[in-house]
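For the sequence shown, this note's numbering gives the first residue as 766, with consecutive numbering after it. Virtual Cβ for every residue (Gly too), placed ideally from N, Cα, C.
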Amino acid sequence: MTETLDPVTDDMDPQKLAEQLLGQAKEQGVDLVGPDGLLNRLAKNVLETAREAEMSEHLGYGKHDPAGRTGDHSRNGTRAKAVLTEIGEVEIEVARDVDSSFEPQIVRKRQRRLTGVDEIVLSLSAKGLTTQPESARSSGA
Numbered sequence: 766m767t768e769t770l771d772p773v774t775d776d777m778d779p780q781k782l783a784e785q786l787l788g789q790a791k792e793q794g795v796d797l798v799g800p801d802g803l804l805n806r807l808a809k810n811v812l813e814t815a816r817e818a819e820m821s822e823h824l825g826y827g828k829h830d831p832a833g834r835t836g837d838h839s840r841n842g843t844r845a846k847a848v849l850t851e852i853g854e855v856e857i858e859v860a861r862d863v864d865s866s867f868e869p870q871i872v873r874k875r876q877r878r879l880t881g882v883d884e885i886v887l888s889l890s891a892k893g894l895t896t897q898p899e900s901a902r903s904s905g906a
């Protein structure tokens, strides 16, 4: 599903956020749990966004920044990774770097089981994170 949830403001309280997300999910026919459910989509988005921020910090420049085209140390695509969380299995895309020196902290290399994801998802969602892919946000979709 490619429907998006509206971004929220930083001052929205978690209870109102949960009610808004659940209402929008219901309108769009999105289940709360399951492989394509609301919680799974939020968890995927949170984990990928956090990992991408870690990679940007490691390399010293953001994704799609021209600075990455001139150096030896740069991104080297992504690979799929399944992690087990309290809400079920979440399939994420994991960024790689050319020399494999990136040591992520959010989802470590070879780590398959995560705990506390539900708390992270709700916390970051309350700060405005959406389930819309970055490519759709930048294209105005």
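Distance CB(residue i)-CB(residue j) smaller than 8 Å
i    : j    : result
E803 : L786 : Going by the sequence as given, residue 803 is Leu instead of Glu. Yes, they are a contact pair.
V795 : G853 : no
I744 : K809 : Summary: the structure shown does not reach residue 744, with the chain confined to residues 766 through 906, and so no result is reported for it.
T880 : R861 : no
H823 : D864 : no
L849 : R873 : no
V828 : E817 : Sequence check: residue 828 is Lys here, not Val. Yes.
Opening and closing residue of the beta strand (DSSP E) in which residue i lies
i    : result
G788 : Not the beta strand (DSSP E): G788 falls in the alpha helix (DSSP H), residues P779 to Q793.
Limits of the alpha helix (DSSP H) - the one that residue i falls within
i    : result
A832 : Element bounds for A832: n/a, residue is neither H nor E.
L824 : L803 to L824
Paired residues, beta bridge with residue i - DSSP
i    : result
I857 : K846
R875 : According to DSSP, R875 bridges with nothing at all.
V864 : For the sequence presented, residue 864 should be read as Asp rather than Val. According to DSSP, which records beta bridges pairwise, D864 is partnered with nothing at all.
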